[in-house]
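One structure is given here, and the rest of the page talks about it.
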Amino acid sequence: MLENEVFSSFMLYGTLLILKMYLIAIVTGQLRLRRKAFINPEDAIRHGGLQFYREDPEVERYRRVHRNDMETIYPFLFLGAVYSLLDPHPTVARIHFCVFFLGRLVHTVAYLLPLRAPARSLAYSIAQLACFSMALQIVFAVISHW
0 MLENEVFSSF MLYGTLLILK MYLIAIVTGQ LRLRRKAFIN PEDAIRHGGL QFYREDPEVE
60 RYRRVHRNDM ETIYPFLFLG AVYSLLDPHP TVARIHFCVF FLGRLVHTVA YLLPLRAPAR
120 SLAYSIAQLA CFSMALQIVF AVISHW
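The letter at position 131 of the sequence shown is residue 130 when you use numbering that gives the first Met the number 0, and the numbering goes up by one with no holes.
Right under this line is the structure:
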């Protein structure tokens with residue numbers, strides 16, 4: 000499996016994206032503890048009382064980053080795996096995977112800092128172009144095989 004250059008590249012970028020998601024989840028949890036903002040009453044009671052059963056704007060920003068990651072990275076994992084099976088040129092495949100990865104990284108930074116618009120939406124769109132390109136190639140490959 001590691002001899003397959005395309006799939007190895009996909010595994011690298013896919014794993015880096017999952018690690019990024021884990022990191023955001025961990026930071027979100029730590030931020031909740033620091034800001035004493037819990038979404039479950041039992042957690043609030045455990046950490047000081049029901050007054051901490053509340054939302055916090057900064058915690059919510061991290062949650063939105065994580066949710067957006069789930070909405071985009073999971074489809075990338077499917078598309079990238081199927082795309083790898085098409086035996087694309089390794090450099091072209093690596094470009095697709097790298098563009099998506101960098102787009103998601105910039106999107107996260109733009110969301111968390113927060114950077115001026117349209118930095119975040121531009122990063123999102125560029126990453127989605129890589130997925131759209133892979134999806135089209137998958138569809139064309141399947142149609143041409145019929």
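Here a beta-carbon is modelled for each residue, glycine too, at the ideal position from N, C-alpha and C.
How many Å lie between Q29 and A36 at the Cα?
Distance between the alpha carbons of Q29 and A36 is about 10 Å.
Can you list, in chain order, the residues of its chain with a C-beta nearer than 8 Å to that of T90? Leave out the 5 residues immediately preceding and following it.
Counting only Cβ-Cβ distances below 8 Å, and skipping sequence neighbours, we find nothing.
Suppose the cutoff is 8 Å on Cβ atoms and the five residues either side in sequence are ignored; what does the same chain contact list for R62 look like?
Excluding sequence positions up to five before and after R62, its CB lies within less than 8 Å of the CB of T27, all in the same chain and listed in chain order.
Bridge partners for F37 per DSSP, in chain order?
DSSP, once it has assigned bridges, lists Y52 as partnering F37.
Could you name the residues of the same chain whose beta carbon sits closer than 7 Å to that of M133, not counting the 5 residues immediately before and after it, in chain order?
Same-chain partners within the cutoff: L78, G79, Y82 and H95.
Could you pull the start and end residues of the alpha helix (DSSP H) that P89 belongs to?
Residue range P89 to L111 is occupied by the alpha helix (DSSP H) that includes P89.
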